[in-house]
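Engineer: Below is a structure I'd like to ask you about.
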Amino acid sequence: MDRARAIAKLTAPGRKYELQNVCVNGNEVKWFVNAPTSLRQLISEARCEKTFFVYNDERYTFEEFYQRASNLGRRLIDDYGVKPGDRVAIGLRNYPEWALAFAAITSIGGIVAGLNAWWESDELEYGIRHIGAKVAIVDQERLDRVKLQSGLDFLTLISVRSEPCDRATPIDQLLRQHGELPDIQIEPDDDAVILFTSGSTGHPKGSVSTHRNIIAALLSWELDLAVLATIHGGAPKGQSKPHYPDAALLGMPLFHVNGLLAVLLTSFRRKRKTVAMYKWDPNVAVELVEAEKIVSFVGTPAMTGDIMLAAQKQDKDVSSLLAVGGGGSARAESQVKGIDETFKNAKPYTGWGMTETNSIGTSIGGEEYLMRPSSSGRVSAVLELGIVDSDDNFVKAGERGELLVRGTSVIHKYWDRPDSSGDFLEGGWFRTGDIAYLDEDGYLYIVDRLKQIIIRGGENIGCAEVESAMLNDPAIIEVSVYGVADQRLGEDVAATIYVDREVDVDAIRSNLKLKIAGFKIPKHIRVTTEPLVRIASGKIDKKTIQKDHQKLLDLE
Numbered sequence: 318m319d320r321a322r323a324i325a326k327l328t329a330p331g332r333k334y335e336l337q338n339v340c341v342n343g344n345e346v347k348w349f350v351n352a353p354t355s356l357r358q359l360i361s362e363a364r365c366e367k368t369f370f371v372y373n374d375e376r377y378t379f380e381e382f383y384q385r386a387s388n389l390g391r392r393l394i395d396d397y398g399v400k401p402g403d404r405v406a407i408g409l410r411n412y413p414e415w416a417l418a419f420a421a422i423t424s425i426g427g428i429v430a431g432l433n434a435w436w437e438s439d440e441l442e443y444g445i446r447h448i449g450a451k452v453a454i455v456d457q458e459r460l461d462r463v464k465l466q467s468g469l470d471f472l473t474l475i476s477v478r479s480e481p482c483d484r485a486t487p488i489d490q491l492l493r494q495h496g497e498l499p500d501i502q503i504e505p506d507d508d509a510v511i512l513f514t515s516g517s518t519g520h521p522k523g524s525v526s527t528h529r530n531i532i533a534a535l536l537s538w539e540l541d542l543a544v545l546a547t548i549h550g551g552a553p554k555g556q557s558k559p560h561y562p563d564a565a566l567l568g569m570p571l572f573h574v575n576g577l578l579a580v581l582l583t584s585f586r587r588k589r590k591t592v593a594m595y596k597w598d599p600n601v602a603v604e605l606v607e608a609e610k611i612v613s614f615v616g617t618p619a620m621t622g623d624i625m626l627a628a629q630k631q632d633k634d635v636s637s638l639l640a641v642g643g644g645g646s647a648r649a650e651s652q653v654k655g656i657d658e659t660f661k662n663a664k665p666y667t668g669w670g671m672t673e674t675n676s677i678g679t680s681i682g683g684e685e686y687l688m689r690p691s692s693s694g695r696v697s698a699v700l701e702l703g704i705v706d707s708d709d710n711f712v713k714a715g716e717r718g719e720l721l722v723r724g725t726s727v728i729h730k731y732w733d734r735p736d737s738s739g740d741f742l743e744g745g746w747f748r749t750g751d752i753a754y755l756d757e758d759g760y761l762y763i764v765d766r767l768k769q770i771i772i773r774g775g776e777n778i779g780c781a782e783v784e785s786a787m788l789n790d791p792a793i794i795e796v797s798v799y800g801v802a803d804q805r806l807g808e809d810v811a812a813t814i815y816v817d818r819e820v821d822v823d824a825i826r827s828n829l830k831l832k833i834a835g836f837k838i839p840k841h842i843r844v845t846t847e848p849l850v851r852i853a854s855g856k857i858d859k860k861t862i863q864k865d866h867q868k869l870l871d872l873e
């Protein structure tokens, strides 16, 4: 049976993944008939005595977690006046409290704003003020950074695993007070989550997802697995029924769409155990795979490469792993094969997706991926893809152009960013900024990017934001920021600066640490006393500058 027939069979009337057409924002999209209508329903339906969340020595069942989330939700309403539609920011490591806060906020109709935990104080202030957060739930590191900003004196703070602070109420104090969630009507198309994604024109943009957007993505992944099982007459290697209780390793941050949806929220649907890490460490990850019998690991190519190498070096039992992969950027062909060879029961997989599509888009895995390691796979059943030329005319299979996407999981707006309205086209199409082509069989191949975005280890970095921060240095007259090849991360940040005096590159980096997160600071800085080369329109010729710098780095 081929993929199209399998999808038709599984989504037919009366089947678990039955699809129907519904109208959302004036556009017809596909929706799962049997889907939960809200994240509150999704979370509530997972209640049971199975282990849900593990962090170091802490273990919580789904039922314990639900009761604690209910306590917090009640307090947010009664003590903090949070109403449906209010934004509550979360700035934490992957502590259990991140998941608790998410469940509490979305279950009372609030909107979760996931702050990038790597942001410095200026970036945190921008994010919090931009979305108008009523409350922020932060750990010690984020609390220290927020306190530096006098512009956030108005903000109500709830602290997590931190020292006593006059400005913040400890979350444990709120969790001890029993409370039931009120009966609040939450509609599928109510806004639920804001995740920040680096824009090509400056500050990060808040990608706004509804309950329907997120749930469509979760069920789309389930459907993809069911399609594979149907095609193969039973689950293939890497997708078979776990020989241990289902368990996922959470190494990606929860402010990242893959960590939040592909790991945490998928665990609610599957009633599986989630094992969280304090920070990414491949050696610890391999130990956790053995100790907790991890079945699934989702990570960027840098992370899957790390865990593959660590598993090869350590004498640990990683036979429980059935699936190793994830998106974020392209995965080297050697790594695709290496995953297959290193983890005897697992198959590699990947896909193309964005924060704006709630991580889904295309998927590919197993033998199919090994045969086409440079492909991102075929499109989800609830989405459509199109390739257009510079005049927005759709092109034929095999021809390159900008990738457009539309469907149920695609966001309808960025928070308060009218300058981004051009990304949303008539008919529900969204501009991805990726240059790609679709072959005759519908496989997607990403070949380039239109937007000035660097993807460093799965994290998007806007060139314009870094350039703006660097131009605060009076010694820098002009700057161009771009990505250069990196064996582990895929890309790293580089810059060429035009100066009229002698400069200390290390001092430039130190000053940047006060303005932007460390992962955005250029690893490679090239200094010139000549104006930067420009194209005919007068714009800086970023491509030529990048190529020249890459050649120099290749010679080192």
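According to our numbering, the sequence shown is numbered sequentially starting from 318.
For each residue, glycine too, the CB sits at the ideal point set by N, CA and C.
Given the structure is predicted, the values throughout are model-derived calculations rather than measurements.
Give me the Cα-Cα distance between Pro553 and Gly670, rounded to the nearest whole angstrom.
Structural biologist: A caution first: Pro553 carries a pLDDT of 49, below 50, which makes its placement in the model unreliable, though a value can still be read off. Taking the straight line from one Cα to the other gives about 23 Å.
Engineer: Quick one: Cα of Ile763 to Cα of His495, how far?
Structural biologist: Taking the straight line from one Cα to the other gives about 50 Å.
Engineer: If I'm right that Arg446 touches Gly468 with Cβ under 8 Å, what's the distance once you round it to whole angstroms?
Structural biologist: Sure, about 7 Å apart at Cβ, within 8 Å.
Engineer: Quick check on Gly576: does DSSP put it in helix, strand or coil?
Structural biologist: Helix at Gly576.
Engineer: Could you tell me which residues DSSP pairs with Trp348 in its beta bridges?
Structural biologist: In the DSSP output, where bridge partners are listed per residue, Trp348 has Gln337.
Engineer: Per DSSP, what kind of secondary structure is Pro553 in: helix, strand or coil?
Structural biologist: Since pLDDT at Pro553 reaches only 49, below the 50 mark, its modelled position is unreliable, and no value is offered.
Engineer: By DSSP's criteria, Gly807 is part of a beta bridge. Which residues make up the other side?
Structural biologist: Asp803.
Engineer: Kindly confirm or deny that the stretch 326 to 340 and the stretch 396 to 415 touch, where touching means at least three C-beta pairs closer than 8 Å.
Structural biologist: No contact exists between the stretch 326 to 340 and the stretch 396 to 415.
Engineer: Among Ile448, Val405 and Thr423, which one has its Cα closest to the Cα of Val455?
Structural biologist: With distances taken between Cα atoms, Val455 lies closest to Val405.
Engineer: Over what stretch of residues does the beta strand (DSSP E) that includes Arg357 continue unbroken?
Structural biologist: Premise fails: Arg357 lies in the alpha helix (DSSP H), Leu356 to Glu362, not in any beta strand (DSSP E).
Engineer: What does DSSP give as the partner residue(s) for Phe711 in the beta ladder?
Structural biologist: For Phe711, which the question treats as bridged, DSSP gives the partners Val705.
Engineer: Count the other C-beta atoms from every protein chain shown that fall within 10 angstroms of the C-beta of Pro499, then say buried if there are 16 or more, exposed otherwise.
Structural biologist: Exposed, because fewer than 16 other Cβ atoms sit within 10 Å of the Cβ of Pro499.
Engineer: State buried or exposed for Thr845, treating a residue as buried only when at least 16 other CB atoms are found within 10 Å of its CB.
Structural biologist: Burial call: exposed.
Engineer: Going by beta carbon distance, what residues of the same chain come within less than 6 Å of Val592, once the five residues before and after it are set aside?
Structural biologist: Val371, Leu566, Leu605 and Glu609, listed in sequence order.
Engineer: Leaving out five residues before and five after Lys590 in sequence, what residues of the same chain have Cβ atoms less than 6 Å from its Cβ?
Structural biologist: Contacts found: Thr368 and Ala564.
Engineer: Rounding to the nearest angstrom, what Cα-Cα distance links Gly426 and Thr725 in this structure?
Structural biologist: Computed Cα separation, rounded: 20 Å.
Engineer: Around the Cβ of Asn351, are there at least 16 other Cβ atoms within 10 angstroms (buried) or fewer (exposed)?
Structural biologist: Exposed, since its Cβ has fewer than 16 Cβ neighbours within 10 Å.
Engineer: Looking only at its own chain, which residues have a Cβ that is under 7 Å from the Cβ of Gln457, when we skip the five neighbours before and after it?
Structural biologist: Cβ within range, chain order: Arg478, Ser479 and Glu480.
Engineer: Only counting the same chain, and skipping five residues up and downstream in sequence, which positions put a Cβ closer than 7 Å to that of Arg493?
Structural biologist: There are no such residues.
Engineer: Let's see if you can read the secondary structure: which residues bound the alpha helix (DSSP H) around Ser387?
Structural biologist: Taken as a continuous stretch (DSSP letters only), the alpha helix (DSSP H) holding Ser387 covers Phe379 to Asp395.
Engineer: To the nearest angstrom, how far is it from the Cα of Leu872 to the Cα of Gly800?
Structural biologist: Leu872 and Gly800: Cα-Cα distance of roughly 17 Å.
Engineer: Please classify Phe471 as buried or exposed, where buried requires at least 16 other C-beta atoms within 10 Å of its C-beta.
Structural biologist: Exposed.
Engineer: What distance in whole Å lies between the Cβ atoms of Arg818 and Ala792, which are believed to be in contact at a cut-off of 8 Å?
Structural biologist: The Cβ separation is near 6 Å, so the contact holds.
Engineer: Taking only three categories from DSSP, how would you classify Gly644?
Structural biologist: In this structure, Gly644 counts as coil in the three-state DSSP scheme.
Engineer: For Tyr595, count the other beta carbons within 10 Å of its own beta carbon; 16 or more makes it buried, fewer makes it exposed. Which is it?
Structural biologist: Classification of Tyr595: exposed, given that the 10 Å Cβ count is below 16.
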